[in-house]
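Asks:
In full-length UniProt numbering, the protein residues as written are 1 to 105.
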């Protein structure tokens, strides 16, 4: 991990996701580093989001590249609506987790 000086203290520097060449030959610099995910998570993403053009026996690097391209091509129509839905889902999940579980007789 690279370190940089910060007011006399060494602070860890964040690693950036590796660049991936997108359609048309331009470079994508994603904010999400998919290479940190394990291969099973990458395959699950590929299956759930129906990412095409990846061989069945793809390596982790091939999956990361395909998923990064797919993720970068997604369009969010109403960002505030998506954020609000996410916050609501997290709050609902937290409240369900805090409720005592019911047991059937």
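Heads up, the beta-carbon is just placed ideally off N, CA and C, and yes, glycines get one too. Keep in mind it's a predicted model, so treat the numbers as computed, not measured.
Within 10 angstroms of the Cβ of residue 63, are there 16 or more other Cβ atoms? Answer buried if so, exposed if not.
Replies: By the Cβ neighbour-count rule, residue 63 is buried, with 16 or more other Cβ atoms within 10 Å of its own.
Asks: Quick check: the Cα distance between residue 58 and residue 83, rounded to an integer number of angstroms?
Replies: 33 Å
Asks: By a C-beta neighbour count over all protein chains shown, 10 Å radius and 16 as the cutoff for buried, is residue 86 buried or exposed?
Replies: exposed
Asks: How many Å lie between residue 52 and residue 92 at the Cα?
Replies: CA-to-CA, the gap between residue 52 and residue 92 works out to about 33 Å.
Asks: Quick check on DSSP: helix, strand or coil for residue 93?
Replies: helix
Asks: Please go through the same chain and pick out, in chain order, the residues whose beta-carbon is closer than 7 Å to the beta-carbon of residue 70, but skip the five residues on each side of it.
Replies: Excluding sequence neighbours, residue 70 sits near 49 and 51.
Asks: Between residue 54 and residue 81, what straight-line distance do the alpha-carbon atoms span, to the nearest angstrom?
Replies: 32 Å
Asks: Alpha carbon to alpha carbon, what distance is there between residue 56 and residue 76?
Replies: 29 Å
Asks: In chain order, which alpha helix (DSSP H) runs of at least 4 residues are fully inside the segment 60-88?
Replies: 60-72
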